[in-house]
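Data block below; observations after.
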Amino acid sequence: MATKRSVRMSNKRLKLRQQHWPEITEDDLWLRSETKGFTTIPRGLSLIMRIMDSLSLQKPLSSTYMTLWCYAFDEMMVTIQKPRQMALESGFSGQRAENTWRERMKRLEEFGFIRSTVGATGNFHYVLLLNPYSVVKELNENSKYDVPPVLFNTLIDRVDEIGETTIMIDESEG
């Protein structure tokens, strides 16, 4: 059920959209409430993906991670039925596509963003996506990893803006 505030904000954005793009109809837009095939993602995901890429030097993880999110439902578990397709959707093609994808999956697991179990399609048949805010907080607190302060601090600002509390630093810890 929508709150009065969320309805008010939605109406404000709708009015702005109509003001700036009066020729656009709802048929021109992909509206989540009107279509199928959507997922919910954390609003800070773009920063989280930048952080994971910064930790995995020269081997970006974000496209692989985003592909997993596109397959996840509310239970945050993904069954990988077609590793080759997952590799392609993650941006890898050619002879080494699946191997490269598996390497990225292994790194995501090493950093703690996912957990996996073996199944019919290999080591990454069942994949669980963990809370990325908690993972980034833990990585930042672990001296083994060098999370860029500008990215972490920007993420802190963003979660404060949106009301996400998972990553917030407990005042009693300091």
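Numbering (our numbering), first residue to last: 31 to 204. By construction, the Cβ of each residue, glycine as well, lies at the ideal position given by its N, Cα and C atoms. Every value quoted in this text rests on a predicted model; they were computed, and no experiment measured them.
Residue state for residue 165 is assigned as helix, using DSSP reduced to three classes. Shown here, residue 186 sits in a helix according to DSSP, grouped into three states.
Between residue 93 and residue 139, the alpha-carbon positions lie close to 15 Å from each other. In the structure shown, residue 144 falls within a strand segment according to DSSP collapsed to helix, strand and coil. By alpha-carbon distance to residue 193, the top candidate from 73, 58, 64 is 73.
The way I'd put it, the stretch 84 to 101 does touch the stretch 118 to 130; three or more beta-carbon pairs between them come closer than 8 Å. DSSP, reduced to helix, strand and coil, places residue 175 outside both helices and strands of the structure shown, so it counts as coil. Non-local beta-carbon contacts of residue 100 in its own chain, meaning distances under 7 Å to residues more than five positions away in sequence, involve 69 in chain order. Pairwise C-beta distances place the stretch 79 to 93 out of contact with the stretch 54 to 66, as fewer than three of them are shorter than 8 Å. Rounded to whole angstroms, residue 148 and residue 135 show a C-alpha spacing of 13 Å.
When DSSP states are grouped into helix, strand and coil, residue 94 belongs to the helix group. Excluding residues up to 5 positions away in sequence, 181 lie with their Cβ nearer than 7 Å to the Cβ of residue 80 in the same chain. For residue 107, the enclosing beta strand (DSSP E) covers residues 107 to 109. Apart from the 5 residues on each side of it in sequence, residue 170 sits with its Cβ closer than 8 Å to the Cβ of 177, 182 in its chain, given in chain order.
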